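Colleague:
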Amino acid sequence: MVGRFDAVFPERELIELPDPFPVVLPQSVKELVLLVDRNYPAHSAGVPVVQLGEVSTTRALRAILSVLPLDTMAIPFERMEVNDQPELMTASQQEVLDTARELTRPSLEVGVIPRLEFYARARQASVIVHTLDARPWSCFVLRKGVVFDEM
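Residues 0 to 150 in numbering that gives the first Met the number 0 are what the sequence shown lists, from first letter to last.
Right under this line is the structure:
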């Protein structure tokens with residue numbers, strides 16, 4: 000049986016997940032969610048992994064941000080550094096960043112994490128969302144913010 004991640008997409012598509020859904024997104028402020036591509040060794044961190052299959056990191060980010068606010072007090076969004084060149088950003092990283100800014104705020108601050116530090120950060124995450132996105136360096140850390148009741 001397959002469950003659905005009925006997140007809000009502009010085109011109202013669904014992301015299929017295993018049923019029962021094995022992981023609940025973080026509940027506390029500042030908890031970390033990793034969003035990674037197919038090249039990332041997701042299970043090596045020892046934290047729960049949600050396998051999304053043939054979903055791009057951009058599409059997965061849209062789903063995550065439809066239910067998870069980003070932190071506003073610390074750097075809420077970080078990307079993996081490309082080949083020890085912090086100033087270099089791949090096309091996929093730019094696409095994901097543009098999507099994050101579109102869905103949150105245009106001034107969204109972005110950090111850059113060296114690859115080995117990214118692996119260490121993964122061990123602190125609440126969950127790793129693993130896609131089969133073929134674009135290398137499509138690895139990101141999202142820091143959960145406060146959920147406000149709608150008024």
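Each residue gets a CB set at the ideal place from its N, CA and C atoms; glycine is no exception.
None of these values were measured; they are calculated from a predicted model.
Tell me which residues share the same chain as R134 and place their Cβ nearer than 8 Å to its Cβ, disregarding the 5 neighbours each side in the sequence.
Modeller: Position 135 of the sequence shown, counted from the start, is the residue given in the question as residue 134. For R134, where only same-chain residues beyond five positions count, the Cβ hits under 8 Å are D36, S55, T56, T89, A90 and S91.
Colleague: Output the distance between the C-alpha atoms of A119 and F147, rounded to the nearest integer angstrom.
Modeller: The count along the sequence shown starts at 1 and reaches residue 119 at position 120. The count along the sequence shown starts at 1 and reaches residue 147 at position 148. Computed Cα separation, rounded: 30 Å.
Colleague: According to DSSP, is F139 part of a helix, a strand, or is it coil?
Modeller: For this step, residue 139 is matched to residue 140 along the sequence shown. The answer is strand: DSSP assigns F139 an E or B state.
Colleague: Starting from T103, follow its DSSP beta bridges and name the residues at the other end.
Modeller: Looking up residue 103 in the sequence shown gives position 104. Looking at the DSSP assignment, T103 forms no beta bridge with any residue, so it has no partner.
Colleague: Thinking C-alpha only, which one of L141, G144, E86 and I127 is nearest Y39?
Modeller: The sequence position of residue 39 within the sequence shown is 40, counting from 1. When each option's Cα is compared against that of Y39, the closest is I127.
Colleague: Just curious, the beta strand (DSSP E) that E77 is in, first and last residue?
Modeller: Start at 1 with the first residue of the sequence shown, and residue 77 comes out as number 78. F76 to M79 is the span of the beta strand (DSSP E), which, as asked, contains E77.
Colleague: So, do the segment 106-113 and the segment 71-80 have three or more beta carbon pairs nearer to each other than 8 Å?
Modeller: Because the criterion of three Cβ pairs below 8 Å is met, the segment 106-113 and the segment 71-80 touch.
Colleague: Straight-line CA distance for C138 to E101?
Modeller: Taking the sequence shown and counting its residues from 1, one reaches residue 138 at position 139. Taking the sequence shown and counting its residues from 1, one reaches residue 101 at position 102. Approximately 19 Å between the Cα atoms of the pair.
Colleague: In its own chain, which residues sit with a C-beta less than 7 Å from the C-beta of I63, not counting the 5 before and 5 after it?
Modeller: For the purposes of this step, residue 63 is taken as residue 64 along the sequence shown, with counting starting at 1. So the list reads V32, L34, V128 and L141, once near-sequence residues are dropped.
Colleague: The ligand MG and Q123: does the residue's C-beta get closer than 7 Å to at least one heavy atom of that ligand?
Modeller: Among the ligands in the structure shown, none appear at all, so the ligand MG cannot be discussed.
Colleague: Write down every uninterrupted run of the beta strand (DSSP E) in the segment 34-100 whose length is 3 residues or greater and which is fully enclosed by it, in chain order.
Modeller: Correct list: 48-52 and 76-79.
Colleague: Would you mind reading off the limits of the alpha helix (DSSP H) that contains A119?
Modeller: For the purposes of this step, residue 119 is identified with residue 120 of the sequence shown, where counting begins at 1. Here the alpha helix (DSSP H) through A119 covers R114 to A121.
Colleague: Helix, strand or coil for L131 per DSSP?
Modeller: Counted from its first residue, the sequence shown places residue 131 at position 132. In this structure, L131 counts as coil in the three-state DSSP scheme.
Colleague: Mark R104 as exposed unless 16 or more other C-beta atoms lie within 10 angstroms of its C-beta, in which case mark it buried.
Modeller: Translated into positions along the sequence shown, residue 104 becomes position 105. Under this definition R104 is an exposed residue.
Colleague: In its own chain, which residues sit with a C-beta less than 6 Å from the C-beta of Q50, not counting the 5 before and 5 after it?
Modeller: As a first step, residue 50 must be located in the sequence shown, where it is residue number 51. Taken in chain order, the residues that qualify are H129.
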